[in-house]
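Q:
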């Protein structure tokens, strides 16, 4: 009995709930006909620049890991020896600190892309 009442209430609430109006988001600039068409050369250049940005990003992420050796005493070649980092200090630096900085920069970059032309910013990032 109780389940039937609850089902009836839910069914009637859905029946009398107005459907929300969905509107298209407003565009800041109107696109001209063919404005998004790229030539094959432009497509290749754009793809190459995106691959370059991605590769540079991965290199920057791995740079810190390649400059650490806890079994060596060579302060010139290894970051942890020169800065006298323990394993715990290095773990904090390479994980939490890096991720916090990366997240902050990603938020700033996202806000910038929302306000500026994404294509120009992609070219400028290279």
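In this note's numbering, the protein residues as written are 125 to 250. Every residue gets a Cβ at the ideal spot worked out from N, C-alpha and C, and that includes glycine. Since this is a predicted model, take the numbers as computed values, not measurements.
Run through DSSP, which three-state label would residue 177 get?
A: Helix.
Q: Does the count of Cβ pairs from the segment 232-248 and the segment 164-178 closer than 8 Å reach three?
A: Verdict: yes, contact present.
Q: Find the nearest neighbour of residue 191 within the set 165, 167 and 218, judged by alpha-carbon distance.
A: Out of 165, 167 and 218, 218 has the C-alpha closest to the C-alpha of residue 191.
Q: Need the endpoints of the alpha helix (DSSP H) that residue 226 sits in, please.
A: Unbroken alpha helix (DSSP H) run through residue 226: 222-239.
Q: Am I right that residue 202 and residue 196 are in contact with their C-beta atoms under 8 Å? What's the rounded C-beta distance?
A: 5 Å between Cβ atoms; contact.
Q: Less than 8 Å between the CB atoms is what I'm expecting for residue 211 and residue 194, so what's the real figure, rounded?
A: About 6 Å separates the two Cβ atoms, so the contact holds.
Q: Pick helix, strand or coil for residue 217, following the three-state DSSP scheme.
A: It is helical.
Q: For the alpha helix (DSSP H) that contains residue 199, what are its first and last residues?
A: No alpha helix (DSSP H) contains residue 199, which DSSP labels as neither H nor E.
Q: Pop quiz: residue 198 and residue 205 are said to be a contact at Cβ under 8 Å. What is the actual Cβ separation, rounded to whole angstroms?
A: Confirmed, about 6 Å.
Q: DSSP state of residue 168, grouped into three classes?
A: Of the three classes helix, strand and coil, the one that applies to residue 168 here is helix, per DSSP.
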